[in-house]
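Visitor:
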Ligand SMILES: NC(=O)C1=CN([C@@H]2O[C@H](COP(=O)(O)OP(=O)(O)OC[C@H]3O[C@@H](n4cnc5c(N)ncnc54)[C@H](OP(=O)(O)O)[C@@H]3O)[C@@H](O)[C@H]2O)C=CC1
Ligand SMILES: CCCCCCCCCCCCCCCC(=O)OCC(=O)COP(=O)(O)O
């Protein structure tokens, strides 16, 4: 046995580890080269995950176009990035473009402004979004529309507006920040879950249709992240929810999630779930045992209703 170990198994083991390390190294080098100097547009860069994505892509040497509604917050972020410590790669001063994704008219003008910054776009990260809290029976159609405009129609319109220039160059990468709720629906999130399911469906179609032009599509579905998403959420009557939910507060750090987004984009992943075991299992349960999943969700709705009424 000792003879076999020393003459066959150990060299084989070292060989495998060596090949694996070399593969990882090459993958990292390819990823860095892909993102260095790439023109990356990030929507919702004023806060939360978008803001952290701006930092990691900036540090990776990307040429950024930062988008959001709040012009001052975008300028502030640009200054913060410029003041950040020197990195190993050359960094570039970001451009900013302020517009409202829920305003279809604004997207046409914003696209022209985005394309003027560097002349083309390599990566579009559709990150901006709002969440929602409410019962379906109490929710006004205007609230459903607002969530769909921000999370679905806006990103779809921006993507479509940027596609012709990507197709012409036969180069580009579209990223959609969806959610675990783009894979499963949980009670009292109807408009949000619907917008994220629509996002998943649209960008899955886009991936298939863009393959001929070598344009990549990545859909990223995170679980809870510690941002202001719940605070900024809209309620059934259109007012701001204004509460930092426990689930949000206990969510992953946006810094870590932004690093995972950078890696997913760099590796040109097609579909990525960034969540703990339970949400990941829930996705399987929804597919393999839908009846059981629906019972669990109904019980969750009962409990939530009870705790609200008590
Ligand atoms: N936090 C979480 O638990 C999770 C978040 N996600 C997703 O991550 C993405 C980022 O959210 P997160 O960082 O958490 O939340 P934040 O509320 O911190 O950030 C949302 C961003 O979207 C922008 N935004 C909102 N509405 C509009 C609009 N009408 N037009 C343009 N920009 C808009 C905001 O910018 P401004 O207000 O300046 O316009 C802000 O920069 C969202 O798509 C969300 O669904 C997914 C899973 C979990
Ligand atoms: C085989 C055993 C399987 C057990 C499965 C039990 C079912 C557990 C349900 C788990 C539900 C997870 C929901 C996760 C939701 C989530 O991560 O959402 C991310 C967001 O987008 C958050 O937005 P919100 O506005 O809702 O805070």
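Numbering (this note's numbering), first residue to last: 61 to 370. Using N, Cα and C, we set each Cβ at its ideal position, and we do this for glycine too.
Going by C-alpha to C-alpha distance, which of 276, 281 and 113 sits closest to residue 239?
Guide: Among 276, 281 and 113, the Cα nearest to that of residue 239 is on 281.
Visitor: In three-state DSSP terms, what is residue 193?
Guide: The answer is strand: DSSP assigns residue 193 an E or B state.
Visitor: Would you list the residues sitting across from residue 278 in a DSSP beta bridge?
Guide: DSSP lists 235 as partners of residue 278.
Visitor: Where do the ends of the beta strand (DSSP E) carrying residue 124 lie?
Guide: Its beta strand (DSSP E) spans residues 123-128.
Visitor: From residue 106 to residue 187, what does the alpha carbon distance come to, in whole angstroms?
Guide: Computed Cα separation, rounded: 11 Å.
Visitor: Taking just the CA atoms, how far does residue 200 sit from residue 226?
Guide: Each residue's alpha carbon lies about 38 Å from the other.
Visitor: Which residue's Cα is closest to the Cα of residue 11: 152, 120 and 163?
Guide: Absent from the structure is residue 11, since the part of the chain shown begins at 61 and ends at 370.
Visitor: If you follow the alpha helix (DSSP H) that residue 333 is part of, which residue opens it and which one closes it?
Guide: Residue 333 -> not in any alpha helix (DSSP H); beta strand (DSSP E) instead, spanning 331-334.
Visitor: With DSSP collapsed to three states, give me the class of residue 319.
Guide: DSSP places residue 319 in helix when its eight states are reduced to three.
Visitor: Between residue 237 and residue 342, how many whole angstroms is the CB-CB distance? I'm expecting something under 8 Å.
Guide: Actually they do not touch by this definition, with Cβ atoms about 19 Å apart.
Visitor: Which residue from 242, 331, 308 and 137 puts its Cα closest to that of residue 253?
Guide: With distances taken between Cα atoms, residue 253 lies closest to 242.
Visitor: Does the Cβ of residue 336 lie closer than 7 Å to at least one heavy atom of ligand 1?
Guide: Because no heavy atom of ligand 1 lies under 7 Å away, the Cβ of residue 336 does not count as near it: no.
Visitor: Helix, strand or coil: how does DSSP classify residue 186 here?
Guide: Reduced to three states, the DSSP call for residue 186 is strand.
Visitor: Between which two residues does the alpha helix (DSSP H) harbouring residue 284 extend?
Guide: Looking at the DSSP string, residue 284 is not in any alpha helix (DSSP H), and its letter there is neither H nor E.
Visitor: Residues in the same chain with beta-carbon distance under 6 Å from residue 267, minus the five sequence neighbours each way, listed in chain order, please.
Guide: Contacts found: 277.
Visitor: Is the beta carbon of residue 123 closer than 8 Å to that of residue 100?
Guide: Going by C-beta atoms, residue 100 is nearer than 8 Å to residue 123.
Visitor: So which of 229, 255, 78 and 137 has the shortest CA-CA distance to residue 205?
Guide: Checking every option, the nearest Cα to that of residue 205 belongs to 255.
Visitor: Is the CB-CB distance between residue 326 and residue 94 below 8 Å?
Guide: Taking 8 Å as the Cβ cut-off, residue 326 and residue 94 qualify as a contacting pair.
Visitor: For residue 275, which residues of its own chain have a beta-carbon under 6 Å away from its beta-carbon, when the five flanking residues on both sides are left out?
Guide: Taken in chain order, the residues that qualify are 226 and 232.
Visitor: Under DSSP, the beta strand (DSSP E) around residue 158 begins and ends at which residues?
Guide: Per DSSP, residue 158 belongs to the beta strand (DSSP E) from 155-158.
Visitor: Taking the alpha carbon of residue 269 as the point to measure from, which residue in 166, 220 and 214 has its own alpha carbon closest?
Guide: For the residues 166, 220 and 214, the minimum Cα distance to residue 269 belongs to 220.
Visitor: Going by beta carbon distance, what residues of the same chain come within less than 7 Å of residue 217, once the five residues before and after it are set aside?
Guide: Taken in chain order, the residues that qualify are 164 and 167.
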